Amino acid sequence: MRIPAPGSSRPTRNWRRLLGPKQLALLGAVFAMVLPLILNSDYLILVTDMGAVVAFIVLGLVVLAGFTGLVSLGQVAFYSIGSYVAAIVTTRLGLSPWFMLLIAPTVAAAFGVLVGIPAFNLKGPFLVIITIGFAEIIRILVINLEHLTGGPFGISRIPSLKLAGLDLARPLFFYYFIIVLLALAMYGAIRLRKSRVGRALIAIRDDELTAEVMGVNVKYYKIMSFALSAFLAGFAGALYAFLTGYIGPDLYTFNESASYLCMSVLGGFSAVVSPLVGVLLTLLPELLRSLKDYYMLFFSFILMVLVLFAAWREHKAASSDSDKEMGARSWQRLRWK
Amino acid sequence: MLWPSATRKEVPDRTSFACDEIEEGSVMELFLQVVAGGTAIGLLYALPALAIVLLWNTAGFFNLAQGDFVALTSYFLYFFYIMMHMPFVLAAVLTILCLGAVGFIVDKALFHPLRRFNCNPLLMLIVTIALSVFLKNLIRAIWGTKPLSLGNVFGETPLNFFHAHIMPHTFWTVGLSLLLIIGLYILSQKSLLGVAMRAAAESREVAQLMGVKSNFIISLSFVISLMITAVAGILATPILFLIPEMGDSLGLKAFAATIIGGFGNPLGAVVGGILLGIVETLAGIYLSSSYKDAIAFGILIAFLLFKPKGLFSLKISEKV
């Protein structure tokens, strides 16, 4: 029998008990179910769908940067590989979109392994640069291999997913489909974090050498987290292609990669908050049309302020010696070594 | 990242310094044109690369927003030269001073507090990424996304140099960059400031004990690095179209130059930049100009994989 710890009857604890993870998940699910009614417009639901697509990429970055501590600015490459593989195969060879929904992310994951192998030796800025360089090469190939990718015109008339007679290209149907998938992926990421593998990844982030000494296969887990994040990005790419029916090289620029990383940092690398930040920040500029041109400006500014704040918090916690007393839980996720 | 592809197709690539009429020239003339053009482009990569190395050596962080400061330079130059109708030299000097001021403000507002809080390197990296996004969107908010052009202030007619046709800005770029590089070398080797900077690079604590105000030195090196970047930007602006993303490719190639030359080595950065410029020009002529950037980045990745220490690795710098 559990003995309540002293001080557990404080009001904050009661709040925690009332709104535990299960209750929050239930609330979130109810909110997600009624969100289309609130938005009440096909266009806004479509934008939410795209936000959910982005959420998959952000989730991949949470695993890669948040768990394992590897920063990548080339996620857009896996995203575009996912969508182009899905689009080319379904339009040229006429294979089923459902089949490609599995194959395209797998191809992206294979490329993730390819990038992950050199990443083993590279740290910090060098890793970032190799991922940017990789993304640039992929983008240049996409623009120039015109007979395969359609060059700057992209690929149109990509078939959509069909489920039990429903055409999932309709934003509303696609919304429920992708929300369920996203919830599953988020749950998977939470489980991953608590599992043996997740603990190994976090050990690598905190101290690579110590992890190695403790028997963690650093190379294997680093490549695995690259593959996992590439898989999620490729999955997002395939979903995007089947949702809109059109893809072009304009969608896959460096700026996108930077904003995915910013989203995952803003969410504090939490498997739940970061993807939701991704959805919100895709939806917000559409809701506040007047801000549309400036929102990235605000967004990056807020990010810089937040990092300053986080660094200050950490500094204060380190200097005041009472590390555990600091209630900065969400900020502590930003602590990287 | 280089250019949004929609604008990219409309905008002709004016970065090739060598002239277009290749077929009529002899091998020797073509060689001269390639070397001159490649060196000029390479020096434009070498200057930001030098700035990156300077900052890395004294402050110990990587400024991923370097390319965006090049873009900011171009827009400042556009503002002074086209919008304010100033003479070019005055506009250029004002631009360099402005970039120095921007550097001072950014350092005081952002990097100085982060240094004081002993911020870990990965957060520092993310801050520079956020800064890069911020600068791009600031430019977009102020000047818009429409491609602007300054016109070639150095003159449009190619000069005849040993029968090779070489554009005047090639001479200007090579001459001014070499002057700047030599000046920086003398500054770092002979002046007291240079000695203090190198001391701070070697060991911040010991330098501080010897009476070097290392915080001031780091702020100053950030300002100087931005002023070097400004010179590169001013030299690059006449041959580029101004769009908010214009600095991205220049910035990335500057990183490539630092890595090819051996990270942390200023001389290596210069040599790496020139090599990259010549290889890129050759690739543009003999292989395909649309894959020229891909080849440059391929070289970068190959270097990171197989020779991460670069061509001229430094023995002392163990920060990598």
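Quick note, the sequences are listed as chains A and B, same order.
For the first sequence, this note's numbering assigns the number 1 to the initial residue and increments by one for each residue that follows.
For the second sequence, this note's numbering assigns the number 1001 to the initial residue and increments by one for each residue that follows.
Even glycine gets a Cβ: it sits at the ideal position worked out from N, Cα and C.
Source: prediction; values computed, not measured.
Query: Proximal residues of chain B, C-beta to C-beta of glycine 263(A) below 9 Å; Result: As written in the sequence, residue 263(A) is methionine, which differs from the glycine given in the question. The contacting residues do not exist; methionine 263(A) stays about 11 Å from chain B at best.
Query: Contact with chain B by alanine 258(A), beta-carbon distance below 7 Å; Result: yes
Query: Identified DSSP bridge partners for phenylalanine 1161(B); Result: Ala1164(B)
Query: The segment 1066-1091 of chain B: positions lying closer than 7 Å to chain A by Cβ; Result: none
Query: The segment 261-275 of chain A / the segment 81-88 of chain A touching (three or more Cβ pairs under 8 Å); Result: no
Query: Contact set between leucine 303(A) and chain B, taken where Cβ atoms lie within less than 7 Å; Result: Ala1130
Query: Tyrosine 1081(B): first and last residue of the uninterrupted alpha helix (DSSP H) it sits in; Result: Looking at the DSSP string, tyrosine 1081(B) is not in any alpha helix (DSSP H), and its letter there is neither H nor E.
Query: Any alpha helix (DSSP H) of 4 or more consecutive residues that is wholly inside the segment 1107-1140 of chain B; Result: 1112-1116
Query: Buried versus exposed, by CB contacts within 10 Å (16 or more), methionine 1246(B); Result: buried
Query: Distance CB(valine 128(A))-CB(valine 71(A)) smaller than 7 Å; Result: yes
Query: Closest by C-alpha distance to lysine 1146(B), when choosing among Phe1154(B), Gly1273(B), Tyr1075(B) and Ala1296(B); Result: Tyr1075(B)
Query: Per DSSP, cross-strand counterpart(s) of aspartate 167(A); Result: Lys162(A)
Query: For histidine 1112(B) and alanine 183(A), the rounded distance between their alpha carbons; Result: 41 Å
Query: Glutamate 363(A) versus isoleucine 137(A): straight-line alpha-carbon distance, rounded; Result: The question about residue 363(A) has no answer, for chain A in this structure spans 1 to 337.
Query: Below-7 Å beta-carbon distance, serine 319(A) vs any chain B residue; Result: no
Query: Within chain B, the residues that tyrosine 294(A) reaches when beta carbons sit closer than 8 Å; Result: Asn1137 and Ala1141
Query: Pairwise C-alpha distance: proline 118(A) and alanine 164(A); Result: 44 Å
Query: Any C-beta of chain B under 7 Å from that of phenylalanine 254(A); Result: yes
Query: Unbroken alpha helix (DSSP H) run spanning asparagine 1215(B), endpoints; Result: 1214-1236
Query: Length of the line joining the Cα atoms of isoleucine 344(A) and leucine 288(A); Result: What the structure shows of chain A is the stretch from 1 to 337, and residue 344(A) is not part of that stretch, so it cannot be assessed.
Query: Local Cβ density within 10 Å of proline 1087(B), reported as buried at 16 or more and exposed below that; Result: exposed
Query: Test: leucine 297(A) CB closer than 7 Å to a CB of chain B; Result: yes
Query: Beta-carbon separation (whole angstroms), tyrosine 221(A) vs leucine 243(A), contact threshold 8 Å; Result: Actually they do not touch by this definition, with Cβ atoms about 32 Å apart.
Query: Same chain only: Cβ atoms within 7 Å of methionine 263(A), ignoring 5 sequence neighbours per side; Result: Val58, Ser274, Val277, Gly278 and Leu281
Query: Contact set between the segment 1284-1305 of chain B and chain A, restricted to residues whose Cβ is under 7 Å from the partner; Result: Ser1290, Tyr1291, Asp1293, Ala1294, Phe1297, Gly1298, Leu1300, Ile1301, Leu1304 and Leu1305
Query: Extent of the continuous alpha helix (DSSP H) to which aspartate 250(A) belongs; Result: Unbroken run through aspartate 250(A): none, as it is neither H nor E.
Query: Residue burial classification, aspartate 42(A) (beta-carbon count within 10 angstroms, cutoff 16); Result: exposed
Query: Three-state secondary structure assigned by DSSP to isoleucine 1243(B); Result: coil
Query: is_contact[valine 307(A), chain B] using C-beta, thresh 7 Å; Result: yes
Query: Proximal residues to alanine 1269(B) (C-beta, below 7 Å), its chain only, five neighbours per side dropped; Result: Ala1046, Ala1049, Leu1050, Val1053, Ala1257, Thr1258 and Gly1261
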